[in-house]
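Undergrad:
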Amino acid sequence: MNRIDEKFKQLESEKRGGFIPFIVAGDPNLAATKNLILLLAESGASVIELGVPFSDPVADGVTIQAAAERALRNRIGVTDVLETVKEVRVEGCETPIILFSYFNPILQFGLEKFASAMKTVGADGVLITDLVPEEAEDFRRILAEKDLALIMLAAPTSSDERLKKICDKASGFVYAVSRAGVTGARNEMSNEAENLVKRLRTFTDLPIAVGFGISTAAQIEEVCKYADAAVVGSAIVKEIERSIELVDVIENVRKFVENLSPN
Amino acid sequence: MDFQPNALGYWGEFGGRFVPETLMSPIEELTGAYFAVRDDADFQTEFLNLLQDFSGRPTPLFYAKRLSEKLGGAKIYLKREDLSHTGSHKINNAVGQILLARRMGKKRIIAETGAGQHGVATATVCALFGLECVVYMGDEDMRRQALNVFRMRLLGAEVRGVGAGAKTLKDAINEALRDWVTNVDSTYYLLGSALGPHPYPLMVRDFQSVIGREARRQILEKENRLPDVLVACVGGGSNSIGLFHPFLVDEIVRMIGVEAGGKGNNLGEHAARFNKAGGGRIGVLQGTKSYLLQNDDGQIALTHSISAGLDYASVGPEHAFLQSIGRVEYAMATDDEALAAFQTLSETEGIIPALESSHGIAHAVKIAPEMSPDEIMIVNLSGRGDKDVNQVQEMIDGTPSS
Ligand SMILES: Cc1ncc(COP(=O)(O)O)c(C=O)c1O
Numbered sequence: 001m002n003r004i005d006e007k008f009k010q011l012e013s014e015k016r017g018g019f020i021p022f023i024v025a026g027d028p029n030l031a032a033t034k035n036l037i038l039l040l041a042e043s044g045a046s047v048i049e050l051g052v053p054f055s056d057p058v059a060d061g062v063t064i065q066a067a068a069e070r071a072l073r074n075r076i077g078v079t080d081v082l083e084t085v086k087e088v089r090v091e092g093c094e095t096p097i098i099l100f101s102y103f104n105p106i107l108q109f110g111l112e113k114f115a116s117a118m119k120t121v122g123a124d125g126v127l128i129t130d131l132v133p134e135e136a137e138d139f140r141r142i143l144a145e146k147d148l149a150l151i152m153l154a155a156p157t158s159s160d161e162r163l164k165k166i167c168d169k170a171s172g173f174v175y176a177v178s179r180a181g182v183t184g185a186r187n188e189m190s191n192e193a194e195n196l197v198k199r200l201r202t203f204t205d206l207p208i209a210v211g212f213g214i215s216t217a218a219q220i221e222e223v224c225k226y227a228d229a230a231v232v233g234s235a236i237v238k239e240i241e242r243s244i245e246l247v248d249v250i251e252n253v254r255k256f257v258e259n260l261s262p263n
Numbered sequence: 264m265d266f267q268p269n270a271l272g273y274w275g276e277f278g279g280r281f282v283p284e285t286l287m288s289p290i291e292e293l294t295g296a297y298f299a300v301r302d303d304a305d306f307q308t309e310f311l312n313l314l315q316d317f318s319g320r321p322t323p324l325f326y327a328k329r330l331s332e333k334l335g336g337a338k339i340y341l342k343r344e345d346l347s348h349t350g351s352h353k354i355n356n357a358v359g360q361i362l363l364a365r366r367m368g369k370k371r372i373i374a375e376t377g378a379g380q381h382g383v384a385t386a387t388v389c390a391l392f393g394l395e396c397v398v399y400m401g402d403e404d405m406r407r408q409a410l411n412v413f414r415m416r417l418l419g420a421e422v423r424g425v426g427a428g429a430k431t432l433k434d435a436i437n438e439a440l441r442d443w444v445t446n447v448d449s450t451y452y453l454l455g456s457a458l459g460p461h462p463y464p465l466m467v468r469d470f471q472s473v474i475g476r477e478a479r480r481q482i483l484e485k486e487n488r489l490p491d492v493l494v495a496c497v498g499g500g501s502n503s504i505g506l507f508h509p510f511l512v513d514e515i516v517r518m519i520g521v522e523a524g525g526k527g528n529n530l531g532e533h534a535a536r537f538n539k540a541g542g543g544r545i546g547v548l549q550g551t552k553s554y555l556l557q558n559d560d561g562q563i564a565l566t567h568s569i570s571a572g573l574d575y576a577s578v579g580p581e582h583a584f585l586q587s588i589g590r591v592e593y594a595m596a597t598d599d600e601a602l603a604a605f606q607t608l609s610e611t612e613g614i615i616p617a618l619e620s621s622h623g624i625a626h627a628v629k630i631a632p633e634m635s636p637d638e639i640m641i642v643n644l645s646g647r648g649d650k651d652v653n654q655v656q657e658m659i660d661g662t663p664s665s
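In order, the protein sequence lines correspond to chains D and V.
Take 1 as the starting number for the first sequence in the working numbering and just add one per residue.
Take 264 as the starting number for the second sequence in the working numbering and just add one per residue.
Dropping the structure here:
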């Protein structure tokens, strides 16, 4: 059983909701990313989503676009992201880590080579924003051979037929997109998310995480009433951006995350 | 070979759908709606009538006598898309898609534009039918195609500048996709080239194929035989595929797509996706698998071309397929060659071509002299150059321009 499955089993037995923070690798630099991962793990992250920066992030709002730009200015690529995972594992971090990417950087790296490298460094799963189930079979098979998870996205606009296809390809957990739109913090959660999670439950026994727009502890609590975990992305990335000018990015983000983490 | 994509939108290994899941339902809805009208006689009649009465089709096939004589080789014909309403072939696709959007009951239309020709075409058909229109355009393109920005605004469209990346066509498409994913229910994305996720490359090609069908009929009327060579510039690939497609079955017809060679062969200096030495490799961008200009990490490269309409890092997937099977050849024309061709055509034929189309002319200038006077070449004159006159003046007068 891989780390993701184990973590969700544990959360279930403890009757707790999961907290899944997202950061972009290399934002503001790789050393900070490593420390941020360790900090997030310590602060109660159930799973950590590590973004691979991409030049054309069509699914992202301005906050994550800006983070990707900062990372790309440091010329961060897939190799650096994998290296960072390796380093935090060496430091003893055992929190599940999934890589969050657009398809092209992974395709150029090589799907087989990427899966092998993930296994070697200790990454647990991958989520590809622009890989829909119709295009996912090859990669799913390659990952499954190595017991690596392919986390699939489901959207409120997805038909039941599509939800079934998505769940058939998914492993680890299913990521339910809370609303139509790009990533970015919102003040209000849409009620579409709860409905989507309910529909997904009829197609899968996998855990379900909700993301897009979650930025406060209250929202996390709300989401965890019906879902298994809540993903917080842009809000944390924004906090990193705000802290860049400050002396201690890590300390600032620590305070922010401690207020978020439900546990 | 029938040159149709499979059910997932693939020509060979090229095409497909690589989009956020949120867009898959609207894309499936669009696909269903498009296939319903594709063989619908009423729709096709409505489309052709509007092209005739509103856009002025058929466009002439013009024998460029002085240019042919000057080059001393092939007999050159120009397919005069520059005479279309709004000044380029882009109106063909805009008319087709707006009729579809209306059938789908969509009230809000969004589009991206590079040179501004597709934006103008979209703003025009939105005005024609009283629909809300938002056009995304890179800041750099807004600068170099200022006239078209003003035209779109006159036509009642909202033009939204995009400041990301190189501030050109690719960045405008990103922003249009973000708008679509946010406003899926109300909005129709009227994509302007043979690009993007299935069914766009197929649909845009179908609507643009009116160019090749007319040209085929016209050349048979005038010369009583098929042409030897077709030449067209390739940005996203819509005017070229529109000319080429009806001739694909005619094996004796040679076809050449001309990409932007820019100002050099290094990554970032051109927009020639099939130029492997220049960084073109298979990859996935903006919904489709095709040739891309990218670095070793799979990050999309900046591109450069004198012409905004060719300044794009990817190319339509059907072109990638036609290149892979050797049916169509791809060549390059540099900024300087295109600029020279712009002037040559103006002087010899009294036709000021768009800078995009000038790349096709530039290639004709290169190869026509090697051909014999009884060989026939058709060059797609995809648009007129009015929009480019200011930019060209700056360049000829030596005023610095990026
Ligand atoms: C006149 C003209 N020709 C050609 C193009 C290139 O596009 P495509 O390759 O889709 O024909 C453009 C795009 O803006 C254009 O305006």
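Where is the CB? At the ideal position from N, CA and C, for every residue including glycine.
Put D/LEU163 into one of helix, strand or coil per three-state DSSP.
TA: Your numbering for residue 163 of chain D matches position 163 in the first sequence. D/LEU163: helix per DSSP, three-state reduction.
Undergrad: Using 8 Å as the threshold, is the region 377–397 of chain V in touch with the region 458–477 of chain V, meaning 3 or more CB pairs across them?
TA: no
Undergrad: With a threshold of 7 Å (Cβ to nearest heavy atom), would V/LYS353 be considered close to ligand 1?
TA: Reading the second sequence from its first residue, position 90 is the one you call residue 353 of chain V. At least one heavy atom of ligand 1 is nearer than 7 Å to the Cβ of V/LYS353, so yes.
Undergrad: Please classify V/SER665: is it buried, with 16 or more other beta-carbons within 10 angstroms of its beta-carbon, or exposed?
TA: Start at 1 with the first residue of the second sequence, and residue 665 of chain V comes out as number 402. Only weak support exists for where V/SER665 lies, its pLDDT of 47 falling under 50; the coordinates are left without a value.
Undergrad: Count the other CB atoms, across all protein chains shown, that sit within 10 Å of the CB of D/SER178; report buried if there are 16 or more and exposed otherwise.
TA: Reading the first sequence from its first residue, position 178 is the one you call residue 178 of chain D. When all chains shown are included, D/SER178 counts as buried.
Undergrad: Helix, strand or coil: how does DSSP classify V/PRO283 here?
TA: Looking up residue 283 of chain V in the second sequence gives position 20. DSSP places V/PRO283 in coil when its eight states are reduced to three.
Undergrad: With distances taken Cα to Cα, identify the nearest neighbour of D/GLU239 among D/PRO21, D/ALA229, D/ARG3, D/GLU12.
TA: Against the first sequence, residue 239 of chain D aligns to sequence position 239. Ranking the options by Cα distance to D/GLU239, first place goes to D/PRO21.
Undergrad: Do we get a CB-CB distance below 8 Å when we pair V/GLN380 with the residues of chain D?
TA: Here residue 380 of chain V refers to the residue found at position 117 of the second sequence. Chain D, which has no Cβ nearer than 8 Å to the Cβ of V/GLN380, makes this no.
Undergrad: Find out if the Cβ-Cβ distance for the pair D/GLY184, D/VAL62 is shorter than 8 Å.
TA: Residue 184 of chain D sits at position 184 when you count from the first residue of the first sequence. Residue 62 of chain D sits at position 62 when you count from the first residue of the first sequence. Yes, the pair counts as a contact, with Cβ atoms nearer than the cut-off.
Undergrad: Exposed or buried, V/ASN269, counting other C-beta atoms within 10 Å across all chains shown (16 or more means buried)?
TA: Walking along the second sequence from the start, residue 269 of chain V turns up at place 6. With fewer than 16 Cβ atoms within 10 Å of its Cβ, V/ASN269 is classed as exposed.
Undergrad: Using a Cβ cut-off of 8 Å, which residues of the region 104–124 of chain D contact any Cβ in chain V, in chain order?
TA: So the close ones are ASN104, PRO105, ILE106, LEU107, GLN108, PHE109.
Undergrad: Would you kindly report the start and end of the unbroken alpha helix (DSSP H) that includes V/CYS389?
TA: Locating residue 389 of chain V in the second sequence gives position 126, counting from the first residue. Per DSSP, V/CYS389 belongs to the alpha helix (DSSP H) from 380–392.
Undergrad: Among residues of its own chain, excluding the 5 on either side of D/ILE98, which ones have a beta-carbon nearer than 8 Å to its beta-carbon?
TA: Counting from one through the first sequence, the residue named residue 98 of chain D turns up at place 98. Result list for D/ILE98: ILE4, VAL47, ILE48, GLU49, LEU50, ALA123, ASP124, GLY125, VAL126, LEU127, ALA149, ILE151, GLY172, in chain order.
Undergrad: Is V/SER456 near ligand 1, judged by its Cβ being under 7 Å from some heavy atom?
TA: Locating residue 456 of chain V in the second sequence gives position 193, counting from the first residue. Checking every heavy atom of ligand 1 against the Cβ of V/SER456, one is found closer than 7 Å.
Undergrad: Closer than 7 Å to a non-hydrogen atom of ligand 1 - does that hold for the CB of V/ASN502?
TA: Taking the second sequence and counting its residues from 1, one reaches residue 502 of chain V at position 239. Checking the Cβ of V/ASN502 against ligand 1 gives yes.
Undergrad: Please report whether the beta-carbon of V/ASP560 lies at a distance below 8 Å from any beta-carbon of chain D.
TA: As a first step, residue 560 of chain V must be located in the second sequence, where it is residue number 297. Output row for V/ASP560: interface = yes.
Undergrad: Could you tell me whether the Cβ of V/MET367 comes closer than 8 Å to any Cβ of chain D?
TA: Within the second sequence, the letter at position 104 stands for residue 367 of chain V. No Cβ of chain D is located within less than 8 Å of the beta carbon of V/MET367.
Undergrad: Span of the beta strand (DSSP E) holding V/ARG343?
TA: As a first step, residue 343 of chain V must be located in the second sequence, where it is residue number 80. V/ARG343 -> beta strand (DSSP E) spans 338–343.
Undergrad: Where are the alpha helix (DSSP H) runs, 4 residues long or more, that stay fully inside the region 403–487 of chain V, in chain order?
TA: 409–417, 432–445, 463–471, 473–486
Undergrad: I'd like the span of the alpha helix (DSSP H) that includes V/THR551, first residue to last.
TA: Along the second sequence, read from residue 1 onward, the residue named residue 551 of chain V stands at position 288. Taken as a continuous stretch (DSSP letters only), V/THR551 belongs to no alpha helix (DSSP H), being part of the beta strand (DSSP E) at 550–556.
Undergrad: For V/ARG280, is the classification buried or exposed, using 16 other Cβ atoms within 10 angstroms of its Cβ as the cut-off for buried?
TA: Within the second sequence, the letter at position 17 stands for residue 280 of chain V. Only buried fits V/ARG280, as 16 or more other CB atoms lie within 10 angstroms of its CB.
Undergrad: Going by the beta-carbon positions, is the gap between V/GLY579 and V/ILE504 smaller than 8 Å?
TA: The count along the second sequence starts at 1 and reaches residue 579 of chain V at position 316. The count along the second sequence starts at 1 and reaches residue 504 of chain V at position 241. Going by C-beta atoms, V/GLY579 is nearer than 8 Å to V/ILE504.
Undergrad: According to a CB-to-CB cut-off of less than 8 Å, which residues of the region 387–400 of chain V neighbour chain D?
TA: For chain D, none of the residues of the region 387–400 of chain V brings a beta carbon within less than 8 Å of one of its beta carbons.
Undergrad: Starting from V/VAL397, follow the beta strand (DSSP E) in both directions and report where the run begins and ends.
TA: By one-based count along the second sequence, residue 397 of chain V stands at place 134. Per DSSP, V/VAL397 belongs to the beta strand (DSSP E) from 395–401.
Undergrad: Identify the contact partners of D/LEU72 in chain V, using a Cβ-Cβ distance below 7 Å as the criterion.
TA: In the first sequence, residue 72 of chain D corresponds to position 72, counting from 1. Correct list: GLN562.
Undergrad: Indicate whether V/ILE354 and V/LEU453 have their beta-carbon atoms separated by less than 8 Å.
TA: Reading the second sequence from its first residue, position 91 is the one you call residue 354 of chain V. Reading the second sequence from its first residue, position 190 is the one you call residue 453 of chain V. Not closer than 8 Å, so no.
Undergrad: State yes or no: is the beta carbon of D/GLU134 nearer than 8 Å to at least one beta carbon in chain V?
TA: Translated into positions along the first sequence, residue 134 of chain D becomes position 134. Yes, its Cβ sits closer than 8 Å to a Cβ of chain V.
Undergrad: Listed in chain order, which residues of the region 441–463 of chain V have Cβ atoms closer than 7 Å to some Cβ of chain D?
TA: The region 441–463 of chain V vs chain D, Cβ under 7 Å: ARG441, VAL444, THR445, VAL447.
Undergrad: Could you tell me the boundaries of the beta strand (DSSP E) in which D/PHE19 lies?
TA: In the first sequence, residue 19 of chain D corresponds to position 19, counting from 1. It spans 18–24 - the beta strand (DSSP E) in which D/PHE19 sits, taken as one unbroken run.
Undergrad: Let me know if V/ASN538 comes out buried or exposed under the rule of 16 or more other beta-carbons within 10 Å of its beta-carbon.
TA: Here residue 538 of chain V corresponds to residue number 275 of the second sequence, with the count starting at 1. V/ASN538 should be labelled buried.
Undergrad: Please list the segments of the beta strand (DSSP E) lying wholly inside the region 30–102 of chain D, counting only runs of 3 or more residues, in order along the chain.
TA: Segments of the beta strand (DSSP E) lying fully in the region 30–102 of chain D: 48–51, 97–101.
Undergrad: Using only the heavy atoms of ligand 1, determine whether one of them is closer than 7 Å to the beta carbon of V/SER449.
TA: Position 186 of the second sequence, counted from the first residue, corresponds to residue 449 of chain V. False, no ligand heavy atom lies under 7 Å from that Cβ.
Undergrad: Under 8 Å: do the region 25–36 of chain D and the region 163–170 of chain D share three or more Cβ pairs, one atom per stretch?
TA: no
Undergrad: When you compare the CB of D/ALA180 with every CB in chain V, is at least one pair closer than 8 Å?
TA: Here residue 180 of chain D refers to the residue found at position 180 when the first sequence is read from its first residue. Interface residue, yes.
Undergrad: Helix, strand or coil for D/ASN195, going by three-state DSSP, please let me know.
TA: Position 195 of the first sequence, counted from the first residue, corresponds to residue 195 of chain D. Three-state DSSP puts D/ASN195 in a helix.
Undergrad: Can you find a CB in chain A that lies within less than 8 Å of the CB of D/ASP130?
TA: Protein chains in the displayed structure are D and V, and chain A is not among them.
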